[in-house]
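A.B. asks: Top line first, the protein sequences correspond to chains A and B.
Just so we're aligned: the first sequence equals residues 1 to 249 in my numbering.
Just so we're aligned: the second sequence equals residues 250 to 811 in my numbering.
Here a beta-carbon is modelled for each residue, glycine too, at the ideal position from N, C-alpha and C.
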Amino acid sequence: MSDDVLTAEGVSVRFGSTTVLDDVGLRIGAGRTVGLVGESGSGKTTLARAILGLVPISSGRILLRGADVSALGRRERRAFLRAVQLVPQDPYSSLDPRRTIGQTLAEALDPVRCRVRTHRDAITAALADVALPADAIDRYPHEFSGGQRQRIAIARALITRPDVVIADEMTSALDVSVQAEVLRLLARLRDEHDLTMLFISHNLAVVQQVCDDVVVLYRGQVIESGPTADVFAEPGEEYTQRLLDSVPR
Amino acid sequence: MAEPTIVAAGRPKLRWNVALAVGAGLLAVTAATAVIASFTLVGAAEGLSPDTNRPMSADHWLGTDAFGRDLLARALVGAQSSLVMALAATALSMVAGVLIGTAVWVVPRRVREAALRMVEIAVSYPELLVAVVLAAILGAGRWQLVLAVGLANIPATARLTANLGAALHQRDFITTARLTGVPGWAMIGRHLLPNMAEPLLIQLAATFSTGLVAMSALSFVGLGVQIPDYDLGSLLAAALPAIYSRPVEVVGPALMIVLLSVAAMLVGDGLAASADPRLRSAQARSALVDTSTRAAEPTPDAVVGVRDLVVRRGDGAPLVRGVSFDIGRAEILGVVGESGSGKSLTAMALARLLPDGLTAEATHLQVAGMDMRQNPPRRDLATGLGLIYQDPGTTFNPALRMATQLTEVLRVHRGRSKAEARKIIADLLASVHIVDPARLLRSHPYQLSGGMRQRAMIAAALAGEPALLVADEPTTALDVTVQAEILRELARINTEDGTAMLFISHDLGVIGQLCHRVLVMKDGVVVEELTAEALRAGEVAEPYTRMLLDAVPKLDRSRAVR
Numbered sequence: 001m002s003d004d005v006l007t008a009e010g011v012s013v014r015f016g017s018t019t020v021l022d023d024v025g026l027r028i029g030a031g032r033t034v035g036l037v038g039e040s041g042s043g044k045t046t047l048a049r050a051i052l053g054l055v056p057i058s059s060g061r062i063l064l065r066g067a068d069v070s071a072l073g074r075r076e077r078r079a080f081l082r083a084v085q086l087v088p089q090d091p092y093s094s095l096d097p098r099r100t101i102g103q104t105l106a107e108a109l110d111p112v113r114c115r116v117r118t119h120r121d122a123i124t125a126a127l128a129d130v131a132l133p134a135d136a137i138d139r140y141p142h143e144f145s146g147g148q149r150q151r152i153a154i155a156r157a158l159i160t161r162p163d164v165v166i167a168d169e170m171t172s173a174l175d176v177s178v179q180a181e182v183l184r185l186l187a188r189l190r191d192e193h194d195l196t197m198l199f200i201s202h203n204l205a206v207v208q209q210v211c212d213d214v215v216v217l218y219r220g221q222v223i224e225s226g227p228t229a230d231v232f233a234e235p236g237e238e239y240t241q242r243l244l245d246s247v248p249r
Numbered sequence: 250m251a252e253p254t255i256v257a258a259g260r261p262k263l264r265w266n267v268a269l270a271v272g273a274g275l276l277a278v279t280a281a282t283a284v285i286a287s288f289t290l291v292g293a294a295e296g297l298s299p300d301t302n303r304p305m306s307a308d309h310w311l312g313t314d315a316f317g318r319d320l321l322a323r324a325l326v327g328a329q330s331s332l333v334m335a336l337a338a339t340a341l342s343m344v345a346g347v348l349i350g351t352a353v354w355v356v357p358r359r360v361r362e363a364a365l366r367m368v369e370i371a372v373s374y375p376e377l378l379v380a381v382v383l384a385a386i387l388g389a390g391r392w393q394l395v396l397a398v399g400l401a402n403i404p405a406t407a408r409l410t411a412n413l414g415a416a417l418h419q420r421d422f423i424t425t426a427r428l429t430g431v432p433g434w435a436m437i438g439r440h441l442l443p444n445m446a447e448p449l450l451i452q453l454a455a456t457f458s459t460g461l462v463a464m465s466a467l468s469f470v471g472l473g474v475q476i477p478d479y480d481l482g483s484l485l486a487a488a489l490p491a492i493y494s495r496p497v498e499v500v501g502p503a504l505m506i507v508l509l510s511v512a513a514m515l516v517g518d519g520l521a522a523s524a525d526p527r528l529r530s531a532q533a534r535s536a537l538v539d540t541s542t543r544a545a546e547p548t549p550d551a552v553v554g555v556r557d558l559v560v561r562r563g564d565g566a567p568l569v570r571g572v573s574f575d576i577g578r579a580e581i582l583g584v585v586g587e588s589g590s591g592k593s594l595t596a597m598a599l600a601r602l603l604p605d606g607l608t609a610e611a612t613h614l615q616v617a618g619m620d621m622r623q624n625p626p627r628r629d630l631a632t633g634l635g636l637i638y639q640d641p642g643t644t645f646n647p648a649l650r651m652a653t654q655l656t657e658v659l660r661v662h663r664g665r666s667k668a669e670a671r672k673i674i675a676d677l678l679a680s681v682h683i684v685d686p687a688r689l690l691r692s693h694p695y696q697l698s699g700g701m702r703q704r705a706m707i708a709a710a711l712a713g714e715p716a717l718l719v720a721d722e723p724t725t726a727l728d729v730t731v732q733a734e735i736l737r738e739l740a741r742i743n744t745e746d747g748t749a750m751l752f753i754s755h756d757l758g759v760i761g762q763l764c765h766r767v768l769v770m771k772d773g774v775v776v777e778e779l780t781a782e783a784l785r786a787g788e789v790a791e792p793y794t795r796m797l798l799d800a801v802p803k804l805d806r807s808r809a810v811r
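In structure tokens form, the structure reads like this:
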């Protein structure tokens, strides 16, 4: 497909003699949300970190709009990191407790100078996008609840208008009612901004609600992938079946 | 989840506290006196006069020395000299140490590892010893002394900073900042330094304080300031020969050393306490406890009976506000609620395991015939109820083999021999479907998977044949397939042995699958009690329960394939 935004081709990651990712392939089409599911140790987070260049890949390549990420120069790499944004799992660890929300968002826009005043309008708009009042700009993270913090993390990721958002267990640390609120917000933002997203989660029900496509990782390998509706209704692999059967109903 | 605390926001302001006020006051007065003295009292301190060896008097508060110089004036002028030197040495070691300690976190990994090893080696030499060696090499003199003490204190500050940086390095906001392309200097200035402010301020005060003492000590032994210059240390040295005949000579310099170093420590502590923005908006919430809705009399043959349980924080604010329930024989009672609802505190109060600072009170609190408001014998406690915690990764002592830990209750409280206890545990492990119990017993916790550890935990909890099993989010940290196995295990134990259970979870799906009866908690009170069938069928009356149910994403397996 030519409209793939982010592609992973035969990506392997080894830590010493252990193979964490083995020949993993993944493609995320424009405007689609791809769910990455699997149990702990299956390599979900490692794949996200490999895409972002936080862990070195031993073979294979990552492509953003057809361009190999490893071949990027210093400036292009910076542009890539603005185009691919991460929303981490724990909203209590992803915001610097000593910086106001405005400073955090300003840094995403302008990592070098980081002036809140210059970007005040953009920041207010980004906060409004995630339904937070404009006066949040001068407040500190500890003044917000977990759900609000996760919304700030989303605003931080979206403020650079990224091509791809990588959400790593974005709702796993939240209460169900807060999770529901964040998922509603996410659905609205996907509509409004036509987001392209890699949604990593161990919660299959959440993945079903959020994702167009799903990729099942098992021990570092992709064992199944396809449209979420198809995979969940008729899993082709015994492991996927077991995974689905384990969800309490 | 705590509600957003809306507080007046603005620029971070210095918040005064007692330590800061006293320390700053003491330091300001002492330092100002010393500085003023260095301008006005030089004549009295250094000019020779015929009034030699005078005792304390109105003219000379601390008397005079063998050359007729005023001892108080000398102590004050000397203090000014020591103060300036200590400040210079502190500045040197803090600036260099903090630079090294933060820079290692923005340079490539290899450089960092090498730098950290070097810092570790440098730290292993005692500071005073290094300072003595350096002072001996550099030669005697005021600025040589500053250099020696300043350099000697660098490694300690560098290591502290690097360690603080290591903890921060794991945090997601550092990762996102790095991904955003924040340059190294900005990373240090914006994210690293502000988040290590308190420990560094304390370190600053400690460095100043120990630096002052170290320099005084070096001057005292003659390695520092030389005659005709003087500082507190050399004044002490000069006073030493006459300590028996004229002890008053040591009072001035000794007093100044103590005053300055204590004041510096107080300032450090005070700054640390006021630097944290989280402490600035600290506020106590209080609420009324309404226990007027009297629950029915306790059922006599229930395994657990709780009436009007209240758990309070140290400041009196209630976290659990009047909870009452029974658990019958062979019943699994589920408690569901969001974080902060008080569900775990309820369970922990039942097991007398509340965190420090929390207190529980109740009109009735009975578990397996024990009145938990009294202090039941440890043996009864250990065998009356079993506990399963959330995180099997931290439940076990990583240094001990599983056999030692799992057989503890049996050996200590049931008086079984080692071999007997091992046999019983091995059988229990087999019953929770551990394939090779003997191998598990030989293992250390890190060699086991999360599921195996949690099975071992269940086996250990069952070892005392408890009447009640309290399980606090026992499957939350586990993968979904492992969770399903553990739930099956608990259900089997309940049907086969008739063990009553109190099962805490935030997961309505899990609760509905395992439990017979369910309490829904919110803000420390039970808002609804219902049967598991009603929960599964969605027949709930309370809007909060309805909201919770609606919030749970349901896996829909029947969705048609297009």
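Could you please tell me which residues of the stretch 716-735 of chain B, in chain order, have their CB closer than 7 Å to any CB of chain A?
C.D. replies: Here the close residues are D728, V729, T730, Q732, A733.
A.B. asks: Taking only beta-carbon positions, decide if B:K592 is within less than 8 Å of chain A.
C.D. replies: no
A.B. asks: Label B:L427 either buried or exposed according to how many other C-beta atoms from any shown protein chain fall within 10 Å of its C-beta, with 16 as the threshold for buried.
C.D. replies: In the sequence as presented, Leu is not what sits at residue 427 of chain B; that position holds Arg. When all chains shown are included, B:R427 counts as buried.
A.B. asks: Using a cut-off of 9 Å between C-beta atoms, extract the partners of B:P432 located in chain A.
C.D. replies: The answer, in chain order, is P111, V112.
A.B. asks: Chain B beta carbons: is any one of them nearer than 8 Å to that of A:V176?
C.D. replies: yes
A.B. asks: Among B:V499, B:P647, B:S510, which has the Cα closest to the Cα of B:L332?
C.D. replies: B:S510
A.B. asks: Taking buried to mean at least 16 other C-beta atoms within 10 Å of its own C-beta, is A:R270 buried or exposed?
C.D. replies: No information on residue 270 of chain A is available, as it lies outside the stretch 1 to 249 that chain A covers here.
A.B. asks: Pull up the DSSP beta-bridge partners for B:F752, would you.
C.D. replies: B:G583, B:A720
A.B. asks: By the 10 Å Cβ neighbour count, where 16 or more other Cβ atoms means buried, how is A:G25 classified, buried or exposed?
C.D. replies: exposed
A.B. asks: Determine, for B:Y493, whether the minimum Cβ-Cβ distance to residues of chain A falls below 8 Å.
C.D. replies: Chain A, which has no Cβ nearer than 8 Å to the Cβ of B:Y493, makes this no.
A.B. asks: Return the first residue and the last residue of the beta strand (DSSP E) that A:Y218 is part of.
C.D. replies: 213-218
A.B. asks: Report the rounded CA-to-CA distance for B:A679 versus B:A786, giving the unit in angstroms.
C.D. replies: 36 Å
A.B. asks: Which residues of chain A have a Cβ atom closer than 9 Å to the Cβ of B:K672, listed in chain order?
C.D. replies: Chain order gives no chain A residues near B:K672, where near means a beta carbon separation below 9 Å; the closest approach is about 33 Å.
A.B. asks: What would DSSP say about B:P443, mapped onto helix, strand or coil?
C.D. replies: helix
A.B. asks: Roughly how far, in whole angstroms, is the beta-carbon of B:D308 from the beta-carbon of B:E498, given that I think they are within contact range, below 8 Å?
C.D. replies: Rounded, the Cβ-Cβ distance is 17 Å, inconsistent with contact.
A.B. asks: Taking only beta carbons into account, state which residues of the stretch 760-771 of chain B come closer than 9 Å to chain A, listed in chain order.
C.D. replies: Those residues of the stretch 760-771 of chain B that come within reach of chain A (Cβ to Cβ, closer than 9 Å) are I760, G761, Q762, L763.
A.B. asks: For B:T595 and A:Y239, I'd like the C-alpha separation in whole angstroms.
C.D. replies: 38 Å
A.B. asks: Mapping the DSSP letters down to three states, classify A:I51 as helix, strand or coil.
C.D. replies: It is helical.
A.B. asks: Which one or two residues does DSSP pair with B:H249 in a beta bridge?
C.D. replies: Any property of residue 249 of chain B remains undetermined from this structure, which presents chain B solely from 250 to 811.
A.B. asks: Please look up how many angstroms separate the CB atoms of A:G146 and A:L174, rounded, as I've assumed it's under 8 Å.
C.D. replies: Yes, they are in contact, since the Cβ atoms of A:G146 and A:L174 sit about 6 Å apart, within 8 Å.
A.B. asks: Which parts of the stretch 126-167 of chain A are runs of the alpha helix (DSSP H), unbroken and 4 residues or longer, counting only runs that do not cross its ends?
C.D. replies: Qualifying alpha helix (DSSP H) stretches, in chain order: 146-158.
A.B. asks: To the nearest whole angstrom, what separates the beta carbons of A:V165 and A:L195, a pair I think is in contact under 8 Å?
C.D. replies: 6 Å
A.B. asks: Unbroken alpha helix (DSSP H) runs of length 4 or more, entirely within the stretch 292-362 of chain B: which are they?
C.D. replies: 320-352
A.B. asks: I'd like the list of long-range same chain contacts for B:Q703, defined as Cβ closer than 7 Å, with 5 residues on each side in sequence excluded.
C.D. replies: Cβ-Cβ distances below 7 Å link B:Q703 to P641, P723, L727, I735 in the same chain, with the five nearest sequence neighbours on each side left out; the list follows chain order.
A.B. asks: By alpha-carbon positions, which one of B:Y695, B:K672, B:Q475, B:A281 ends up nearest to B:P686?
C.D. replies: B:K672
A.B. asks: B:F752 versus chain A: which residues are under 9 Å apart at the beta carbon?
C.D. replies: Within chain A, no residue comes near B:F752; the closest Cβ sits about 13 Å away, beyond 9 Å.
A.B. asks: Compare the C-alpha of A:S177 against each of A:V206, A:S58, A:D163, A:A48 and name the closest.
C.D. replies: A:V206
A.B. asks: Within 8 Å of any Cβ in chain A, is that where the Cβ of B:R358 sits?
C.D. replies: Any Cβ of chain A closer than 8 Å to the Cβ of B:R358 would place that residue at the interface, and such an atom is absent.
A.B. asks: CA-CA distance, A:A79 and A:G236?
C.D. replies: 39 Å
A.B. asks: Hey, B:A268 and B:G519: beta-carbon distance below 8 Å or not?
C.D. replies: Their beta carbons are under 8 Å apart, which means B:A268 touches B:G519 by this criterion.
A.B. asks: Would you say B:D421 faces chain A, with C-beta separation under 8 Å as the test?
C.D. replies: B:D421 has a beta carbon lying within less than 8 Å of a beta carbon in chain A.
A.B. asks: Just mark A:D168 as buried or exposed, buried being the case when its beta carbon has 16 or more other beta carbons within 10 Å.
C.D. replies: buried
A.B. asks: Residues bridged to B:K771 by DSSP?
C.D. replies: B:V774
A.B. asks: Pull out every residue of the stretch 216-243 of chain A whose Cβ sits closer than 7 Å to any Cβ of chain B, in chain order.
C.D. replies: Within the stretch 216-243 of chain A, the residues whose Cβ lies closer than 7 Å to some Cβ of chain B are A229, D230, F232, A233, E234, R242, L243, listed in chain order.
A.B. asks: So A:A8 is in the alpha helix (DSSP H); what residue range does that whole segment cover?
C.D. replies: First-last for A:A8: 4-15, but that is the beta strand (DSSP E), not the alpha helix (DSSP H).
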